[in-house]
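For the sequence shown, our numbering assigns the number 19 to the initial residue and increments by one for each residue that follows.
This report concerns only the one structure given below.
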Amino acid sequence: MKEWQSIDDILDFAIGEEEAAAEFYTQLAGQASMPGMKEIFEGFAQEEQGHKAKLLTVKQGGTFKPRQQQVVDLKIADYLVDITPGPGMGYQQALIVAMKKEKAAFKLYTNLAANTSDENIKALFLSLAQEEARHKLRFELEYDDLLIEG
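Structural data, given as structure tokens:
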């Protein structure tokens with residue numbers, strides 16, 4: 019893991035990751051061929067912007083009150099091959115890319131939490147990890163439904 023010089027460096031990195039995630043989902047929404055799919059990805063882009071806002075609040079000296087809730091991991095993403103996102107990608111492929119991205123975000127926030135002694139920052143990162151796990155679960159459930167219906 020990268021070594022940072024300060025909490026601000028860590029928060030800036032996490033803010034950048036959330037900006038990238040929001041852009042990723044915005045691009046997926048733009049490539050969506052189904053109207054419902056476009057709305058789903060736009061919603062995720064907004065949620066990632068919400069994560070960024072939480073990080074900015076803490077960076078600016080605010081406090082964070084986490085929700086204590088563990089998210090179930092169906093581990094569907096663990097058994098799927100990596101997909102490179104691109105134009106013309108189908109819904110199933112987009113779900114796989116999104117699951118993998120959310121899994122990586124969960125791991126990132128879990129690792130960041132383990133590497134800070136600031137309890138407010140640790141609580142923020144653990145909460146964001148759970149939010150990313152919730153996103154992954156939503157994609158896994160959608161993927162599972164798609165396979166059952168298909």
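Each residue gets a CB set at the ideal place from its N, CA and C atoms; glycine is no exception.
Extent of the continuous alpha helix (DSSP H) to which residue i belongs
i: E41; result: 25 to 49
i: N129; result: 109 to 132
i: D162; result: 137 to 167
i: K60; result: Sequence inspection shows Glu at residue 60; the Lys mentioned does not correspond to that position. E60 -> alpha helix (DSSP H) spans 53 to 77.
CB-CB length for residue i against residue j, believed under 8 angstroms
i: A147; j: T128; result: 5 angstroms
i: Q23; j: M107; result: Not really, about 39 angstroms apart at Cβ, beyond 8 angstroms.
i: D96; j: A151; result: With 8 angstroms as the limit, D96 and A151 do not qualify as a contact, their Cβ atoms being about 13 angstroms apart.
i: L46; j: A112; result: 6 angstroms
Proximity of residue i and residue j at Cβ, strictly below 7 angstroms
i: L73; j: A32; result: yes
i: Y161; j: I94; result: yes
i: T44; j: A63; result: yes
i: E36; j: E66; result: yes
i: I28; j: D136; result: no
i: I114; j: L98; result: yes
i: L155; j: V89; result: yes
C-alpha gap between residue i and residue j, whole angstroms
i: I139; j: K121; result: 20 angstroms
i: K70; j: I166; result: 35 angstroms
i: P105; j: S145; result: 33 angstroms
i: A132; j: L164; result: 36 angstroms
i: I58; j: F157; result: 10 angstroms
i: K77; j: K118; result: 28 angstroms
i: T81; j: A38; result: 24 angstroms
i: F42; j: G54; result: 17 angstroms
i: L153; j: T134; result: The residue you asked about is not Leu; residue 153 is His in the sequence shown. Cα to Cα, the separation comes out at about 24 angstroms.
i: A40; j: G68; result: 10 angstroms
i: L126; j: P103; result: 21 angstroms
i: K56; j: G34; result: 23 angstroms
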